[in-house]
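Reminder that position 4 of the sequence shown reads as 4 in full-length UniProt numbering, one-by-one numbering, no gaps.
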Amino acid sequence: MVLPNYNKEVELTKNGDMCHYATDFSGYANLTEAKIKEMGYKIVAGKLPKDNNEIAISSYVYETYAKAGYISEDGTKSEIKYYNDLVGKKLKIDKKEFTIVGIVDTKVDMDRYKSISEDSKGKTSAQNLTDFALSQELAHIQQYSLACDIFVSEGMLNSIKEEYPNYVQLITNYMYVSSDDTYIDSSRIASLSEIDTKDVTWVDGEKTKLADNEIIIDINALSKNDEEGYSYSKKEALKILKDSQYTLDYYIDDEDKSINGVKVVGVLNADGKADKYSDLYVLPDSLYNLKWTEGKGEYSYAVATMPTNKADIEKLVKYCYTEQGNMKYQIENSVTFELDTVNEVLKVMSKVFLYIGIGFAVFAMIMLSNFIATSISYKKQEIGILRAIGARSNDVFRIFFLESFIIAMINFVLSTIGTGVATAIINGMFRKEAGILITILNFGPRQILLLLVISIGVAAVASFIPVYKIASKRPIEAIRNR
């Protein structure tokens, strides 16, 4: 639904294509004080709607009016500087007039997306790519959050549900009806029992049940093959449909299928019901009862807060990225969108960093081993003397391992601090320069434990081998440094 009553003469963007302001509403929702508290939102002006002619909008939508100004139905322009300037103003939405009674802060960071609307001239390819990624991220916020919703009373929401029935939406499947001269292209389906037959204009007599080759269509979906957007009058449509047979092509269960000789026996929307029956096929039960994978439910998507506990977040994300049979309940927010977008790049980068890490680890192990081995080789005489006075090989190893262990611990502490600092700096650069929300490099308990194991392991091996070789000699040979 296009955002109404703002001054469209004001330039919202200098980019021409992308804009970080709201220009459309995405739907209706009912908010309560409890929900606002749960979501971490707050009312910044006015109150929540109680009556059916009252609405509240988000602070994100408010920014559009603050930028462009407000125009009333009689053409009077008003400047909007503060939240309260918009409270009391009227918006005409879906042919209904509502009064704005409140504004809710839905926590959209406008500054993050500011560059989207700036002139792209003079920007580098990297900056343009970043702007495109930000625009897609913002589009997800607009669609999958409450940022662009109209907040209405519970009574109004129930009234809207009745006015706009929740028919099956064809998303992963499709249906297309065509003849030699005309075609009908819609994306929602219903059965005859789900519609009010009083809203049907019958082509050739009323039906109480549809035969397997009979359908009812949205009259506005009927188009000429060679004239896109051509609109038929009711009289023209009924004459064409009475004399025509169609082929119905559809895709379901990973298969393309067709039904020939299909008759359109009725049309919807003939008497001003355009919104209620827009883009709808009414099908016979034999076709409607097939397993359409995108069925209908109480909602298209659910908006909720993310858990604050890390374990719960991981559990939720894992669930949303796991298929349940042939279904997957996908989580959608700005972070997961970004992650999905760059997932393949991250996979390649993770392999590259793995090989680089292994290379550095091997190099560090060799350097540490060489240092310990060289230090021990200079102490052959001390080892010989210890053996001569009765020390066992194990005793000698413990003495030199303790020395190596201290060196390894110093190495471990320094490497842990260095890696942690370097990781924080690199992640900070990615966030600041590229504006990404994803943590590219992770340095936590697993990596610290790995460093500890490598340090102690290298110290033990690097101590044992030279000590064993020297201790295996006769004490006199070790003392003579042979």
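Positions of the beta carbon are idealized from the N, C-alpha and C atoms, including for glycine.
Since the structure is predicted, the reported quantities are computational estimates derived from the model, not experimental observations.
> With burial defined as no fewer than 16 other Cβ atoms inside 10 Å of the residue's Cβ, what is the status of A147: buried or exposed?
Replying inline: buried
> What do you get for D74, buried or exposed, if any count of 16 or more other CB atoms within 10 angstroms of its CB means buried?
Replying inline: exposed
>> Just to check my reading of the structure: I43 and G102 have Cβ atoms closer than 8 Å, yes? What is that Cβ distance to the nearest angstrom?
In response: 6 Å
> How is F443 classed by DSSP in three states: helix, strand or coil?
Replying inline: coil
>> Tell me the DSSP secondary structure of D212 in three-state form.
In response: coil
>> According to DSSP, is M327 part of a helix, a strand, or is it coil?
In response: strand
> For Q447, which option in D312, A361, V262 and S369 has the closest C-alpha, if you only look at C-alpha atoms?
Replying inline: A361
>> Taking the beta strand (DSSP E) that F98 belongs to, which residues open and close that run?
In response: K96 to D105
> Can you list the alpha helix (DSSP H) stretches of 4 or more residues lying completely in the segment 145–227, in chain order?
Replying inline: 154–163
> Out of curiosity, what's the CA-to-CA distance linking I36 and D340?
Replying inline: 29 Å
> For the candidate residues G88, L157 and A302, whose alpha-carbon lies nearest to that of E99?
Replying inline: The sequence shown places Thr at residue 99, not Glu. Of the candidates G88, L157 and A302, the one whose C-alpha sits nearest the C-alpha of T99 is G88.
>> Checking the sheet assignment: what are the DSSP bridge partners for D131?
In response: None, per the DSSP bridge assignment.
> How about the segment 179–198 and the segment 80–97: do they share at least three Cβ pairs that are nearer than 8 Å?
Replying inline: Three or more beta-carbon pairs separated by less than 8 Å are not found between the segment 179–198 and the segment 80–97, which leaves the two stretches without contact.
> Helix, strand or coil for residue 484 per DSSP?
Replying inline: Past the boundaries of the shown model lies residue 484; the chain is included only from 1 to 482, so the question cannot be answered.
>> Quick test of your reading: Y281 and I215, contact by CB under 8 Å. State the CB separation rounded to the nearest angstrom.
In response: With a Cβ gap of about 6 Å, Y281 and I215 count as contacting.
>> Between the alpha carbons of T305 and S145, how many angstroms are there, rounded?
In response: 10 Å
> alpha helix (DSSP H) containing T336: first to last residue?
Replying inline: S334 to T341
> Helix, strand or coil: how does DSSP classify E33 here?
Replying inline: helix
>> Please list the terminal residues of the continuous alpha helix (DSSP H) segment that includes Y250.
In response: Note, Y250: premise wrong, no alpha helix (DSSP H); beta strand (DSSP E) at Y246 to I252.
>> Classify M18: buried if its beta carbon has 16 or more other beta carbons within 10 angstroms, exposed otherwise.
In response: buried
>> Assuming contact is defined by CB atoms lying nearer than 8 Å, are A462 and L368 in contact in what I supplied?
In response: yes
> With distances taken between CB atoms, is the gap from L134 to S153 smaller than 8 Å?
Replying inline: S153 is positioned such that its CB atom lies no closer than 8 Å to that of L134.
> What are the start and end residues of the beta strand (DSSP E) that includes K90?
Replying inline: K90 to I93
> DSSP three-state call for Y113: helix, strand or coil?
Replying inline: helix
> Run through DSSP, which three-state label would K47 get?
Replying inline: coil
> Where S278 and L129 are concerned, what is the direct C-alpha to C-alpha distance, given to the nearest angstrom?
Replying inline: 37 Å
> For N5, does the count of other Cβ atoms within 10 angstroms reach 16, so buried, or fall short, so exposed?
Replying inline: buried
>> Below 8 Å on the Cβ atoms is my contact criterion, and I expect G69 with S59 to pass it. Report the Cβ-Cβ distance as a whole number of Å.
In response: No, G69 and S59 are not in contact; Cβ-Cβ is about 17 Å, not under 8 Å.
> Are the segment 343–351 and the segment 450–457 touching, with three or more C-beta to C-beta distances below 8 Å?
Replying inline: The answer is no - the segment 450–457 does not touch the segment 343–351, with fewer than three Cβ pairs under 8 Å.
> Going by beta carbon distance, what residues of the same chain come within less than 7 Å of V458, once the five residues before and after it are set aside?
Replying inline: Residues M365, L368, S369 and A408 of the same chain have their beta carbon placed closer than 7 Å to that of V458, with the five preceding and five following residues left out of the count.
>> Please state the DSSP three-state secondary structure of V461.
In response: Looking at V461 - three-state DSSP - the assignment turns out to be helix.
> Between which two residues does the beta strand (DSSP E) containing I259 stretch?
Replying inline: E255 to L268
> Alpha carbon to alpha carbon, how far is residue 527 from V267?
Replying inline: Here the chain has residues from 1 to 482 only, and residue 527 is not among them.
> Would you call the CB atoms of N52 and M156 closer than 8 Å?
Replying inline: yes
> What residue from D285, K234 and L241 has the CA that sits closest to T208's CA?
Replying inline: D285
> Near M1, what residues of its chain come up, given a Cβ to Cβ distance below 7 Å and the 5 sequence neighbours on each side ignored?
Replying inline: Sequence-distant partners of M1 (beyond 5 residues in either direction) whose C-beta falls short of 7 Å from its own C-beta, in its chain, are D24, F25, I93 and D94.
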